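Have a look at the structure below, then the notes.
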Amino acid sequence: EEQIARLDELGFDWDPIATRWEEGYQALVVYREQHGDCLVRPKKGGLTSQGNNLGVWVIKQRAAYKKGKLTAAQIARLESLDFDWDPDATRWEDGYQALVAYREKHGDCLVSKERGNLTSQGNDLGGWVIKQRAAYKKGQLTEEQIARLELLGFDWDPDATRWEDGYQALVA
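The sequence shown lines up with residues 19 to 190 when you count with my numbering.
As structure tokens, then:
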């Protein structure tokens with residue numbers, strides 16, 4: 019008891035893992051108040067009060083969640099901040115919905131990078147479209163993503179399509 023009391027006088031941390039989690043959570047609360055979301059970038063997210071990288075902390079929370087290593091209380095606290103467990107999927111869906119709106123307005127999915135079309139998250143739709151074509155070529159899109167894009171009439175190779183159109187016009 020005396021040893022415990024002496025350590026307590028020094029401010030001994032009996033649960034440093036919980037302390038670090040709380041520190042990261044509190045830094046995330048501040049980040050959300052300042053930025054309106056929890057999408058902390060590892061290189062731009064800033065540091066916690068103990069000098070730890072907040073973006074790395076956020077990535078670790080997503081990994082711990084996937085592995086079932088967060089408590090129900092931790093999950094609830096993060097969700098109370100509208101924590102995004104899969105920002106890549108969120109960005110993809112945001113881009114897809116912006117492409118749906120673009121197609122409704124323009125009749126096609128041929129978004130150029132120069133047109134300045136933005137998604138609801140403020141991302142460049144033309145850049146998103148280019149990334150989808152590159153991801154398709156690399157086999158990085160899911161079957162569901164491919165099917166959804168093809169339902170919109172997405173052109174995977176507009177340069178080849180334009181060449182073929184020109185060739186057919188020349189033949190005619």
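Virtual Cβ for every residue (Gly too), placed ideally from N, Cα, C.
Being a predicted model, the structure only gives us computed values, none of them experimental.
Among the options, which residue has its Cα nearest to the Cα of residue i?
{"i": "ALA36", "options": "THR160, LEU88, LEU117", "result": "LEU88"}
{"i": "ALA152", "options": "SER130, ASP175, LEU46, ALA116", "result": "ASP175"}
{"i": "PRO60", "options": "SER67, LYS78, ARG50, GLY54", "result": "LYS78"}
{"i": "VAL147", "options": "LEU167, GLY54, ALA90, GLY64", "result": "LEU167"}
{"i": "TRP39", "options": "SER67, GLY29, ASP26", "result": "SER67"}
{"i": "ASP102", "options": "GLU41, ALA190, LEU57", "result": "LEU57"}
{"i": "GLN158", "options": "THR179, GLN115, ASP106, GLU132", "result": "ASP106"}
In the structure shown, what three-state DSSP assignment does residue i receive?
{"i": "LEU28", "result": "coil"}
{"i": "ASP55", "result": "coil"}
{"i": "LEU159", "result": "coil"}
{"i": "ASP142", "result": "strand"}
{"i": "LEU46", "result": "helix"}
{"i": "LEU128", "result": "coil"}
{"i": "LEU117", "result": "helix"}
{"i": "LEU169", "result": "helix"}
Is the CB-CB distance between residue i and residue j below 7 Å?
{"i": "LEU72", "j": "ALA94", "result": "no"}
{"i": "GLN139", "j": "ASP183", "result": "no"}
{"i": "SER130", "j": "GLY144", "result": "yes"}
{"i": "ARG121", "j": "LEU170", "result": "yes"}
Alpha helix (DSSP H) containing residue i: first to last residue?
{"i": "LYS78", "result": "72-84"}
{"i": "GLN186", "result": "176-189"}
{"i": "LEU96", "result": "90-97"}
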